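The structure under discussion appears below in the form of structure tokens.
4 protein chains.
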Amino acid sequence: MITSSTSTLEKFLKTRKLTKQLCEPLEIEDFVVQPVEFVSPPKWHLGHTTWFFEEFILKKHQQNYQIFDEQFAYVFNSYYESVGEKVIRTHRGNLSRPTVSRIYEYRNYVTNAIERFFNENEISEALEEVLEIGIHHEMQHQELLLTDIKYILGNNPLLPQYKENFNENKIEKHPHKWLTLAEGVYEIGKPDDGEFSYDNEKGRHKVYLNEFFISNKLVTNAEYLEFMNASGYQDVLLWHAEAWDWINAEKIKAPAYWYLIDGCWHQYTLSGLQPLTPEAPLAHISYYEAFAFAQWKDMRLPTEAEWEIAQEKFDWGQRWEWTESAYAPYPNYKKPEGALGEYNGKFMVNQKVLRGGSVATSPEHTRYTYRNFFHANLRWQFTGIRLAK
Amino acid sequence: MITSSTSTLEKFLKTRKLTKQLCEPLEIEDFVVQPVEFVSPPKWHLGHTTWFFEEFILKKHQQNYQIFDEQFAYVFNSYYESVGEKVIRTHRGNLSRPTVSRIYEYRNYVTNAIERFFNENEISEALEEVLEIGIHHEMQHQELLLTDIKYILGNNPLLPQYKENFNENKIEKHPHKWLTLAEGVYEIGKPDDGEFSYDNEKGRHKVYLNEFFISNKLVTNAEYLEFMNASGYQDVLLWHAEAWDWINAEKIKAPAYWYLIDGCWHQYTLSGLQPLTPEAPLAHISYYEAFAFAQWKDMRLPTEAEWEIAQEKFDWGQRWEWTESAYAPYPNYKKPEGALGEYNGKFMVNQKVLRGGSVATSPEHTRYTYRNFFHANLRWQFTGIRLAK
Amino acid sequence: MITSSTSTLEKFLKTRKLTKQLCEPLEIEDFVVQPVEFVSPPKWHLGHTTWFFEEFILKKHQQNYQIFDEQFAYVFNSYYESVGEKVIRTHRGNLSRPTVSRIYEYRNYVTNAIERFFNENEISEALEEVLEIGIHHEMQHQELLLTDIKYILGNNPLLPQYKENFNENKIEKHPHKWLTLAEGVYEIGKPDDGEFSYDNEKGRHKVYLNEFFISNKLVTNAEYLEFMNASGYQDVLLWHAEAWDWINAEKIKAPAYWYLIDGCWHQYTLSGLQPLTPEAPLAHISYYEAFAFAQWKDMRLPTEAEWEIAQEKFDWGQRWEWTESAYAPYPNYKKPEGALGEYNGKFMVNQKVLRGGSVATSPEHTRYTYRNFFHANLRWQFTGIRLAK
Amino acid sequence: MITSSTSTLEKFLKTRKLTKQLCEPLEIEDFVVQPVEFVSPPKWHLGHTTWFFEEFILKKHQQNYQIFDEQFAYVFNSYYESVGEKVIRTHRGNLSRPTVSRIYEYRNYVTNAIERFFNENEISEALEEVLEIGIHHEMQHQELLLTDIKYILGNNPLLPQYKENFNENKIEKHPHKWLTLAEGVYEIGKPDDGEFSYDNEKGRHKVYLNEFFISNKLVTNAEYLEFMNASGYQDVLLWHAEAWDWINAEKIKAPAYWYLIDGCWHQYTLSGLQPLTPEAPLAHISYYEAFAFAQWKDMRLPTEAEWEIAQEKFDWGQRWEWTESAYAPYPNYKKPEGALGEYNGKFMVNQKVLRGGSVATSPEHTRYTYRNFFHANLRWQFTGIRLAK
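The listed protein sequences derive, respectively, from chains A, B, C and D. Quick note: to get the working numbering, add 10 to the position in the first sequence (first position is 1). Quick note: to get the working numbering, add 10 to the position in the second sequence (first position is 1). Quick note: to get the working numbering, add 10 to the position in the third sequence (first position is 1). Quick note: to get the working numbering, add 10 to the position in the fourth sequence (first position is 1).
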């Protein structure tokens, strides 16, 4: 027990450190703003991931724990409705206080308290699991930190760089091939191997798949440009009805972060504005666009079961890959008890599953059974397309 | 060929007649209004179903066909974006003209033209299929006519009756039982038997199901009242996140058409306001409510595959039964060519499948493979709950 | 007393009859719709003007008066918040019931009851004044009836005619002249002559005016076309800040009811679509447009005091003339007691005064002290421009 | 000429310095946020006031002026639509860059350039006047800085203090008295005395006033509490129609910054949260509330002419005093030429005039002819009430 918790503790400390490193290139002002509802200010991420450990471990399990600041629970709670009144999400960007330096004090205070607590006490398996969840929760926010920073800087008219040499694009140089998977009964879901996973991927179970073909490569910028040049955004028959309304209302004509400058497509990256790399994997498209592109190719997106079965045969991890699957509970899905039970189940409607991982995903936060999910219109993650047929 | 088209023609004439009969109890004023975006004015249904036959049969296939009124294509088109500019949906209720009597002229004109055309010409199989689709399209609108009329009258402060003796509720008197279905590979989807079906249910295919249990009865008003009395609408842990926001924003506290009068629950029905019948099957709830109710019972909704496999073992047809399944294409789904291809595929995102049929469904418009679909928040159809576990 | 009330009664009966005549050209469907919030369905006008007499005379003063229908007070109340719960204004167009014929029954019932009551009782001066107010209230709604009908038909894609030979435009043939008024102290407001007027025009009082010049003619369509052709709608410096936002958000590029067909401007009138008459007085412009036009001419709109002092010297009554004056209480303005006190005072903020009258104004409902008022963006009244400098 | 411009230059330098002092108590994070559309981030005020001098003086008049940063014109422009594309106002709070320190560089750069330019060149009267306008423009923003800071901190759940000993309330200790002004012709507007004023107050002119009475004191918190305790916010007859809708939609039940804590009213001030001082002058109410309060007292607000005539007889300068007057051009108002002409005229619709000044008003930025104006619902300025009758 002690051994195991020690190594979890190391992982905890490493994770806490990485979060701080991710924020080092920022100006204080960058920590504060929330240009759109689904983006959170970086300082909120710093506070919220810290609050998780204070709320679910220190407050509940450490005797005489001295809360850092009573009001922080209110400011840094997110969607855990059963824990207390939440600040309305759109308001996060209005809060200049607590300051960044105060939040870093909070982080240190809680990190130290956790370290002390785990070193000085006998830790139950259940509690260690909560720590593990908290670590993964923070890893998830590390990816959001990067994509939110990209949104904040990439929607500023000055288009400032986050950091030199942040490589968003690894070119897939091997030739394109269709991988064939035979019809039959397969198994998907997290095997019961004792390693960490979220509730939503648990419950390994059988699925029946028809024969299918899946690409060994992600769709590239060049391929998507062909679709754009073939007036893909203007052909109503390629789009879902609600997607058509959306691209027209929002005047969507290209992936997010693409800018046409003097007739040449450019892309804002975390290293600043750059001419578009044609052979790089496409990023920052919505499910709607992924679907329309596949329609135009007379193909389709894979289901998440197909993806999971086939994933051994190709490289993945550069882009979150939109699947055709709606986010729904696996058979025999069990919601965890209590506030942590809000974690995943409550989002299982009107969202699409993405598989894989991205250049912004925290190391150790990807696995082939991982079920990511977003609304069909969202584009600020590093999302891409893998075709099937 | 002639034989078959004659009988389709008879079905056509019968369908056209039934639509008119459904409207007989209405006052002219009832034909005009659109109290909410998803409800259409009855006169629009009359015109739109007629326009379908004119647009896809007469204009395309009858030589020298004299269009009844050039402007009607604009007024009565709905979502067939590839056919022409559509009137924005919210505006339907603003149009006092064409008048009801003018629309009936239009109906007669087109009905007669179709009858003449099918009687006097050799009809190709493809064309007969379009007539068949038009008939089923009109049948679908017959159900919408009834539910839209219910909305129009049921949201009028005078709560006028549509018609005496419209029985919405057939009591299921047999005792409750759990039906057990064994684990294994099953087949779902429309068998290729030459009978009519929509594109979305075609493509019979295998699915793997775990063992499951499904109720032989629909949930009753009395059972739902228990949930309400147990503060089901107040317990955040039972609800999807977006459902919780929705019930709070819309102040949803009971099924649609339920009114609490002097401490007693009443229900507006097409025969007027009545005290609630406890043992009648629950109606007019959203998917969100169906899901929360199932959570509260520690059960779940069936998937559409489960429903289709099990349906032989119970009675259905009183309520559209919400399933857990998102509306998505079956494997190998093929979108029909051209404007008719818009029919179903374009809605396959962010909607939920319902199975069964309802007291408002047109006779001959139900079958066990039929995939109905609505957004998770909609309640104006006769929707109900069958539990699974 | 009796004599006077007899003649008021005659006026009452004449007014009630005229309202009905105004509606004769309508189809039943036209009575029902409400295409925009500020337009009311004609059947609502019929009911609301009737409700006024029932509420403020019969219910209050006739013993044992049998209310026609208890629910009508709820349906036909408008903004008299102190009388009872009002139906939200946007919902008027959703109500198919009560039917038009039922509302005509209501009208007859109340008209007859009033006639009987005034014939058979000794009527106090105060009560006769309420009758007088009710008559003027209905006259005001006669104008709204016509302009609402114009909106309903003029925004229907079929552009149906209301009535042949409804002449909206009387050409002012005399040459243009500037009328000069000398600096000094003047008096405005309703003289205390015993004739009917609204509360808002009462309180004759002194004002000090600088010398000013006012046009003897209304601005014509041709003059306004010059402004349009000189890119008046594109020059930000001519517009109020909020006006500029408004014309851009609403894509306003011409007066209401103007349609450019094959390069020629047409105008929808109550007699149908017609080529624009250049020398006719301009109609259906907002205050914002009136102001911008005056700026472009390097002139201005008159204040309401200037208008009232100068009005003897020119013809008026074709168009409601926008003034520069905000709608505000006259010095020593007294709000009437009770529910009728809501009548005018509660609108005295953020509206502009219009003077004169229009081709739609009920005969006997104009006088030179009459203060009409509308929000600066509204255009569905017959509004026009008279320049000053 | 040189002399005069020297003293204007001194005023310029003093003003620039004061702006910086006002910001000294802020944390960097406080400079960034925009919690509501009408509040601007402090750093925007710093940049915008600087941009004014660069745009209208240095760029136009200094040869070879090296613009500090080409993109700042875009970021710091406000409503001067004729100068260039403006950033949409709601977006100001999304911009983390330029940073605060970069903006201070910009300030220094422009301050020094102006100083050098005015010292080294012969300055025309016209140009000196532009400098003067720029100084007054910055003074105006000094008041907005304070009120925006109050909004930012006063709507943060931590309610942080801006600064110790910022005294918002000077108690008026003398007894209440009604001041009487005789009927007659008076003159208002800025006398032509060569001193600075805005375009909107110029054009001294005669007005005719009836006899009136005006209070020698501002309404106090205690008096306003009486109105609240007498259910003033619940009595529809006291309110304008649009005010009633507004207080209900926004759930307005007290002045801004009032908090009821354990049954005691508190007030957030720039020195933090404090128990309400009953005898202090009321602050932070809308025109709607000022009007309703006056109605309840059976009195009224003064017009701006009345205020200006009477102001010699009482103390003012603690609160901007709502008047009954709509903001409109004075007779013979002349809009300045060019972009500066946008300054005032374009707001002369749908706003109310306030007179006096407040505890946040920059010294030297008040005069008895000054016409301030705001929309009727705005409360974040130090607004108050002086009664008339």
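Glycine is no exception: its CB is placed at the ideal position from the N, C-alpha and C atoms. All values reported here derive from a predicted model rather than from experimental measurement.
Have a look at residue 263 of chain A and residue 299 of chain A and give me their C-alpha separation to the nearest angstrom.
Between the alpha carbons of residue 263 of chain A and residue 299 of chain A lies a gap of roughly 10 Å.
So, is the C-beta of residue 214 of chain B closer than 9 Å to a C-beta in chain A?
No - not a single Cβ of chain A is within 9 Å of the one on residue 214 of chain B.
Quick check: what's the CA-CA separation for residue 96 of chain C versus residue 78 of chain C?
Its pLDDT being 46, under 50, residue 96 of chain C is placed unreliably in this model, and the coordinates cannot settle the point.
With respect to the alpha helix (DSSP H) encompassing residue 357 of chain C, which residues constitute its N-terminal and C-terminal limits?
Taken as a continuous stretch (DSSP letters only), residue 357 of chain C belongs to no alpha helix (DSSP H), as it is neither H nor E.
Member of C:356, C:115, C:178, C:248 whose CA lies at the smallest distance from the CA of residue 10 of chain D:
This structure does not reach residue 10 of chain D, given that chain D is present from 11 up to 399, and the question cannot be answered.
Three-way DSSP call (helix, strand, coil) for residue 246 of chain A in this model
Residue state for residue 246 of chain A is assigned as helix, using DSSP reduced to three classes.
Which residue or residues does DSSP assign as beta-bridge partners of residue 310 of chain B?
B:398.
Residues of the region 303 to 329 of chain C with a CB closer than 7 Å to any CB of chain E: list them in chain order, please.
In the displayed structure, chain E is absent; the protein chains listed are A, B, C and D.
In chain order, what residues of the same chain lie with their CB nearer than 6 Å to the CB of residue 103 of chain D, ignoring the 5 residues before and after it?
Correct list, in chain order: 43, 44, 51.
is_contact[residue 252 of chain A, chain B] using C-beta, thresh 9 Å
So, interface residue.
Who does residue 225 of chain B pair with in a DSSP beta bridge?
Partner(s): B:188.
Give a yes or no on contact between the region 118 to 134 of chain D and the region 62 to 72 of chain A, applying the rule of three or more CB pairs nearer than 8 Å.
The region 118 to 134 of chain D and the region 62 to 72 of chain A do not touch, with fewer than 3 CB-CB distances between them shorter than 8 Å.
Are there three or more Cβ pairs, one per stretch, closer than 8 Å when the region 279 to 294 of chain A is compared with the region 222 to 234 of chain A?
A contact between stretches requires three or more CB pairs, one per stretch, nearer than 8 Å, and the region 279 to 294 of chain A meets this requirement with the region 222 to 234 of chain A.
Opposing strand residues paired with residue 363 of chain A [DSSP bridges]:
Beta-bridge partners of residue 363 of chain A (DSSP): A:383.
Residue 334 of chain D at chain C interface by Cβ criterion, 9 Å
Yes, contact with chain C.
Per the DSSP calculation, residue 276 of chain A is bridged to which residue(s)?
Answer is A:269, A:285, bridged to residue 276 of chain A.
Using the Cβ count rule (16 or more neighbours within 10 Å means buried), how would you classify residue 327 of chain B?
By the C-beta density criterion, residue 327 of chain B is exposed, having fewer than 16 other C-beta atoms within 10 angstroms.
I'd like to know whether the C-beta of residue 360 of chain A is nearer than 9 Å to at least one C-beta of chain B.
Under the Cβ distance rule, residue 360 of chain A counts among the residues neighbouring chain B, one pair being separated by less than 9 Å.
Any residues in the region 103 to 120 of chain B with a beta carbon nearer than 8 Å to a beta carbon of chain C? Which ones, in chain order?
Answer set for the region 103 to 120 of chain B: 103, 104, 105, 106, 107, 108, 109, 110.
Considering residue 335 of chain D, what are the terminal residues of the beta strand (DSSP E) in which it resides?
Taken as a continuous stretch (DSSP letters only), the beta strand (DSSP E) holding residue 335 of chain D covers 330 to 336.
Euclidean distance between Cα positions of residue 11 of chain B and residue 18 of chain B:
With a pLDDT of 38 at residue 11 of chain B, under the threshold of 50, the modelled position of this residue cannot be trusted; read the value that follows with caution. Distance between the alpha carbons of residue 11 of chain B and residue 18 of chain B: 11 Å.
In or out: residue 297 of chain B buried (at least 16 other Cβ within 10 Å) or exposed?
Of the residues assessed, residue 297 of chain B falls on the buried side of the cut-off, its CB having 16 or more other CB atoms within 10 angstroms.
Using 9 Å as the limit for Cβ to Cβ distance, is residue 87 of chain A near chain B?
No, because no Cβ of chain B sits closer than 9 Å to the Cβ of residue 87 of chain A.
Nearest chain C C-beta to residue 272 of chain B closer than 9 Å, yes or no?
No, residue 272 of chain B does not count as interfacial toward chain C.
The alpha helix (DSSP H) with residue 144 of chain B in it runs from where to where?
Note, residue 144 of chain B: alpha helix (DSSP H), 135 to 164.
Do residue 23 of chain B and residue 157 of chain B have their C-beta atoms within less than 9 Å of each other?
Cβ atoms of residue 23 of chain B and residue 157 of chain B: not closer than 9 Å.
heavy atom of the ligand MN below 8 Å from residue 272 of chain A C-beta:
With respect to the ligand MN, the structure shown offers nothing to examine, as it has no ligands at all.
Please list the residues of the region 185 to 197 of chain C that have a C-beta atom closer than 7 Å to any C-beta atom in chain D, keeping them in chain order.
Of all residues in the region 185 to 197 of chain C, 195 have a Cβ within less than 7 Å of some Cβ in chain D.
Counting only beta-carbon separations shorter than 9 Å, does residue 170 of chain B have a partner in chain C?
Taking CB atoms only, residue 170 of chain B has a neighbour in chain C less than 9 Å away.
Nonlocal neighbours in the same chain, by C-beta distance under 8 Å from residue 28 of chain D, ignoring five residues either side:
Closer than 8 Å at Cβ, skipping near neighbours: 152, 372.
Three-state secondary structure assigned by DSSP to residue 219 of chain B
DSSP places residue 219 of chain B within a strand segment (E or B) once states are collapsed to three.
Can you find a C-beta in chain C that's less than 9 Å from the C-beta of residue 45 of chain B?
Yes - at least one Cβ of chain C is within 9 Å of the one on residue 45 of chain B.
Using a Cβ-Cβ cut-off of 6 Å (strictly less than) and excluding sequence neighbours within five positions of residue 254 of chain A, which residues of its own chain qualify?
Closer than 6 Å at the Cβ level, and outside the excluded window around residue 254 of chain A, lie 246.
For residue 57 of chain B, which of helix, strand or coil comes out of DSSP?
Looking at residue 57 of chain B - three-state DSSP - the assignment turns out to be helix.
Excluding sequence positions up to five away, which residues of its chain have a Cβ less than 7 Å from the Cβ of residue 414 of chain A?
This structure cannot speak to residue 414 of chain A, because chain A is shown only from 11 to 399.
Can you tell me where the alpha helix (DSSP H) holding residue 110 of chain C begins and where it ends?
Taken as a continuous stretch (DSSP letters only), the alpha helix (DSSP H) holding residue 110 of chain C covers 110 to 130.
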